[in-house]
Amino acid sequence: MSEEATPVVIATPAAPVVNAPEKPGAPDWLPARLEQAAKAEQAKIASELGVSIDEAKALIASAKAKAESEKAAEVRAAELAKQLSERSAAFDKATEAVKAQADAMLESLLPEHRAAVLAMSGADPFEQLRAIRVLGPTWKAAAVQALETPAATTTGAAAPPSGTQVVIPVPKATYETLRASNPFMAAAYGSSNPEAYR
Numbered sequence: 076m077s078e079e080a081t082p083v084v085i086a087t088p089a090a091p092v093v094n095a096p097e098k099p100g101a102p103d104w105l106p107a108r109l110e111q112a113a114k115a116e117q118a119k120i121a122s123e124l125g126v127s128i129d130e131a132k133a134l135i136a137s138a139k140a141k142a143e144s145e146k147a148a149e150v151r152a153a154e155l156a157k158q159l160s161e162r163s164a165a166f167d168k169a170t171e172a173v174k175a176q177a178d179a180m181l182e183s184l185l186p187e188h189r190a191a192v193l194a195m196s197g198a199d200p201f202e203q204l205r206a207i208r209v210l211g212p213t214w215k216a217a218a219v220q221a222l223e224t225p226a227a228t229t230t231g232a233a234a235p236p237s238g239t240q241v242v243i244p245v246p247k248a249t250y251e252t253l254r255a256s257n258p259f260m261a262a263a264y265g266s267s268n269p270e271a272y273r
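Adding 75 to a residue's 1-based position in the sequence shown gives its number in the numbering used here.
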């Protein structure tokens, strides 16, 4: 038998792939060893602090949240202080305006009315205006009553009897009469009675 033998080809299995190092020249065990060293360092720090790493992280997060909250509170306090300052300035301006109005109204009052207002309200301009508003109608009623009631003259003479005609001089007529006889006296009369020119 002389058969020619056919060569048999046997396939060789491929070499198994082992975790290749990330960097050329670094051994396979290095990443695991570095992780083990990091965990050992964390455990050492945790034992020195007396808390676990997770507790330390929670405490740090809590402290950061508290700091942010305090910062927000400070910002809010600054905003409120600014608003208070602005409102205080506006109140001061309003108080000045009220004081000016109260002073002007006090100046226009009769001395006895002014004394009554000041006795009732003191130096507070808001209270002065309130007192003027409260007392004003009584003063008006008293003035109307005084006009309706005939007053005795300073000499004690009674009012003229009814049916008597009282002559009230008309300034323009008086001026015209004086102007016809003495222009200088007419000018003097006109300066003291401006309604004579109307």
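Don't be surprised by glycine CBs; every beta carbon is placed ideally from N, CA and C.
Because the structure is a prediction, the values reported are computed rather than measured.
| query | CB-CB under 8 Å to A271, same chain, minus the five flanking residues each way: which ones, in chain order? | reply | Counted from its first residue, the sequence shown places residue 271 at position 196. Here the set comprises P246, K247, T249, Y250, Y264 and G265.
| task | Output the distance between the C-alpha atoms of A147 and E171, rounded to the nearest integer angstrom. | result | On the sequence shown, position 72 is the one that residue 147 refers to. On the sequence shown, position 96 is the one that residue 171 refers to. In a straight line, the C-alpha of A147 is about 36 Å away from that of E171.
| task | Could you spell out where the alpha helix (DSSP H) holding V173 opens and where it closes? | result | Locating residue 173 in the sequence shown gives position 98, counting from the first residue. Start and end: I128 to S183.
| field | Counted within 10 angstroms of its Cβ, other Cβ atoms place I207 as buried (16 or more) or exposed | value | On the sequence shown, position 132 is the one that residue 207 refers to. Buried, because 16 or more other Cβ atoms sit within 10 Å of the Cβ of I207.
| query | Is it true that the region 197–212 meets the region 170–184, where meeting means three or more beta-carbon pairs spaced less than 8 Å apart? | reply | A contact exists between the region 197–212 and the region 170–184.
| Any idea if P269 is buried or exposed, counting beta-carbon neighbours within 10 angstroms, 16 or more meaning buried? | Taking the first residue of the sequence shown as position 1, residue 269 is located at position 194. Classification of P269: exposed, given that the 10 Å Cβ count is below 16.
| How is A101 classed by DSSP in three states: helix, strand or coil? | The residue given as residue 101 occupies position 26 in the sequence shown. Reduced to three states, the DSSP call for A101 is coil.
| Whose C-alpha, out of I135, E161, R151 and S196, is nearest the C-alpha of D178? | As a first step, residue 178 is located in the sequence shown; it is residue number 103 there, counting from the start. Of the listed residues, the one whose Cα sits closest to D178 is S196.
| Coarse secondary structure for A198, derived from DSSP in three states | Counting from 1 along the sequence shown, the entry for residue 198 is found at position 123. If DSSP states are grouped into helix, strand and coil, A198 belongs with coil.
| query | Buried or exposed: P200, going by 16 or more other Cβ atoms within 10 Å of its Cβ? | reply | Translated into positions along the sequence shown, residue 200 becomes position 125. P200 is classed as buried because its beta carbon has at least 16 other beta carbons within 10 Å across all chains shown.
| task | Indicate whether S127 and A136 have their beta-carbon atoms separated by less than 8 Å. | result | Within the sequence shown, residue 127 is the residue found at index 52, counting from 1. Within the sequence shown, residue 136 is the residue found at index 61, counting from 1. Going by C-beta atoms, S127 is not nearer than 8 Å to A136.
| request: Please go through the same chain and pick out, in chain order, the residues whose beta-carbon is closer than 6 Å to the beta-carbon of E202, but skip the five residues on each side of it. | output: Here residue 202 refers to the residue found at position 127 of the sequence shown. Here the set comprises S196.
| What number of angstroms, rounded off, separates the C-alpha of D167 from the C-alpha of F259? | One-based indexing of the sequence shown puts residue 167 at position 92. One-based indexing of the sequence shown puts residue 259 at position 184. Rounded to the nearest angstrom, the two C-alpha atoms are 55 Å apart.
| Element boundaries [alpha helix (DSSP H), containing E251] | Within the sequence shown, numbered from 1, the residue matching residue 251 stands at position 176. Looking at the DSSP string, the run of the alpha helix (DSSP H) that includes E251 is P246 to S256.
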